[in-house]
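Here is the structure we will look at, set down as structure tokens.
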Amino acid sequence: MPDIKDYESLVEIKWCPGCGNFSILAAMKKALCNLGLAPHEVLIISGIGQAAKTPHYLACNLFHGLHGRALPIATGAKIANHNLTIIVNSGDGDCYGEGGNHFINAIRRNIDLTLLVHNNKVYGLTKGQASPTSDLNMVTRAQPHGVMLEPFNPLAVALALGCGFVARGYAGKPDHLASLIEHGVRHRGFSLIDILQPCVSFNHINTYPWYNERVYELERSGHDPSDFNAAWEQARKWGERIPIGLFYREDKPTLTDRLHALRHGPLVDQQYVPERLASLFSSL
Ligand SMILES: Cc1ncc(C[n+]2csc(CCOP(=O)(O)OP(=O)(O)O)c2C)c(N)n1
Ligand code: SF4
Numbered sequence: 005m006p007d008i009k010d011y012e013s014l015v016e017i018k019w020c021p022g023c024g025n026f027s028i029l030a031a032m033k034k035a036l037c038n039l040g041l042a043p044h045e046v047l048i049i050s051g052i053g054q055a056a057k058t059p060h061y062l063a064c065n066l067f068h069g070l071h072g073r074a075l076p077i078a079t080g081a082k083i084a085n086h087n088l089t090i091i092v093n094s095g096d097g098d099c100y101g102e103g104g105n106h107f108i109n110a111i112r113r114n115i116d117l118t119l120l121v122h123n124n125k126v127y128g129l130t131k132g133q134a135s136p137t138s139d140l141n142m143v144t145r146a147q148p149h150g151v152m153l154e155p156f157n158p159l160a161v162a163l164a165l166g167c168g169f170v171a172r173g174y175a176g177k178p179d180h181l182a183s184l185i186e187h188g189v190r191h192r193g194f195s196l197i198d199i200l201q202p203c204v205s206f207n208h209i210n211t212y213p214w215y216n217e218r219v220y221e222l223e224r225s226g227h228d229p230s231d232f233n234a235a236w237e238q239a240r241k242w243g244e245r246i247p248i249g250l251f252y253r254e255d256k257p258t259l260t261d262r263l264h265a266l267r268h269g270p271l272v273d274q275q276y277v278p279e280r281l282a283s284l285f286s287s288l
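As structure tokens, then:
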């Protein structure tokens, strides 16, 4: 059984003291140990941002990619070796802004991976500009007259695209979050966990006290995660009361189940036969 210490990295953590990312990191370690996964069985992939530094702070396989491009890298990795457990760490700007198109198409493909979006509702790394999830009228140094766009609702978009695991966690409830991550990794298919992550340096509205007053756990409110309409209703709630937990779950075939070329096992275990490629090229 792996131990939390097995996942401890020697890299110095550069997040601000009090940042919500610390409890997301701790929840990930706890979930991976509870799942009995050894570090060599896990691949963590990220894009750019504060959230995207997470893989450096875990001692396992990692790939730190480019802005919004974690999901295409994860898709390639999963096709090459679908025995790997893949987790993507992204931020609201990285995933829903810069990588928005990849977010949509990764859900449609139903790639078996877990996407953790550290949603602090600002661009943290670049010092607090509004992000796609910033609330209307939020004032930042770059938006002195307030945000003019309606916020992006990742849970509603994921539900509309047929995502089979749609959840929201909160960095202020790390045990609840660890359990969601565990369930997300166990789910065969694309699992989205949007995580409410206070940014103590640049978001002085959506703070720990602000969330603590509002969040409630769906698991304690009689919510049925197999009921799509109930999930849709919960996903549209924001403001005075904010639901966290598993909104929706459904099993469906994954991309690697559907790929004909993988029927004999992962690509990494298949023999490379250059003649087959040569005959394909000569037939074109
Ligand atoms: C194409 C492009 N757009 C924007 C940027 C600047 N940029 C780098 S990281 C980042 C913010 C990422 O925000 P988020 O994903 O919310 O991450 P956080 O730092 O808050 O965790 C931005 C805007 C860039 N370098 N290149
Ligand atoms: S700027 Fe915000 S998101 Fe980045 S490390 Fe500091 S508190 Fe965390």
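Note that the sequence shown covers residues 5 to 288 in the numbering used here.
For each residue, glycine too, the CB sits at the ideal point set by N, CA and C.
Owing to the predicted nature of the structure, the values given are computational and were not obtained by experimental measurement.
Can you tell me the Cα-Cα spacing of residue i and residue j, whole angstroms?
i, j, result
"G132", "A110", "27 Å"
"F169", "N93", "16 Å"
"E254", "W236", "14 Å"
"S138", "K125", "5 Å"
"H355", "L259", "This structure cannot speak to residue 355, because the chain is shown only from 5 to 288."
"A182", "H191", "14 Å"
"G128", "F206", "7 Å"
"C203", "N157", "19 Å"
"M32", "V15", "17 Å"
"I246", "C99", "21 Å"
"R280", "R262", "22 Å"
"A30", "L36", "10 Å"
"G103", "E45", "26 Å"
"I91", "V121", "11 Å"
"D231", "I209", "32 Å"
"S287", "P278", "14 Å"
"V151", "G101", "15 Å"
"V189", "W242", "26 Å"
"T211", "P229", "28 Å"
"R267", "I83", "12 Å"
"L119", "D198", "8 Å"
"R112", "A265", "19 Å"
"P148", "F107", "29 Å"
"Y252", "Y220", "16 Å"
"A146", "P136", "14 Å"
"K34", "M5", "12 Å"
"N114", "F67", "21 Å"
"K9", "A282", "48 Å"
For residue i, does the count of other Cβ atoms within 10 angstroms reach 16, so buried, or fall short, so exposed?
i, result
"K177", "buried"
"P21", "exposed"
"K18", "exposed"
"G97", "buried"
"N105", "exposed"
"A81", "buried"
"P213", "exposed"
"N233", "exposed"
"N141", "exposed"
Am I right that residue i and residue j are in contact with their C-beta atoms under 8 Å? What's the rounded C-beta distance?
i, j, result
"Y215", "Y174", "6 Å"
"D116", "G69", "D116 to G69, Cβ: 19 Å. No contact."
"P270", "N87", "6 Å"
"R218", "E244", "6 Å"
"N123", "L184", "14 Å between Cβ atoms; not a contact."
Quick one, are the C-beta atoms of residue i and residue j less than 8 Å apart?
i, j, result
"A171", "L250", "yes"
"N38", "E154", "no"
"L41", "T89", "yes"
"L47", "S13", "no"
"P59", "Y11", "no"
"A239", "L196", "no"
"A56", "G95", "yes"
"N65", "V272", "no"
"G248", "L222", "It is Ile, not Gly, that sits at residue 248 in the sequence shown. Contact flag set, yes."
Check the Cβ-Cβ distances between residue i and every residue of chain D, and say whether any is below 8 Å.
i, result
"L36", "Among the protein chains of the structure shown there is no chain D, as only one such chain exists."
>> Under 8 Å, with one C-beta from each stretch per pair, do the segment 25-35 and the segment 159-168 reach the 3-pair mark?
In response: Of all C-beta pairs linking the segment 25-35 to the segment 159-168, fewer than three are shorter than 8 Å, placing the two stretches out of contact.
> Are the segment 39-59 and the segment 70-83 touching by the rule of at least three beta carbon pairs closer than 8 Å?
Replying inline: In short, these stretches touch, since the Cβ pair count reaches three.
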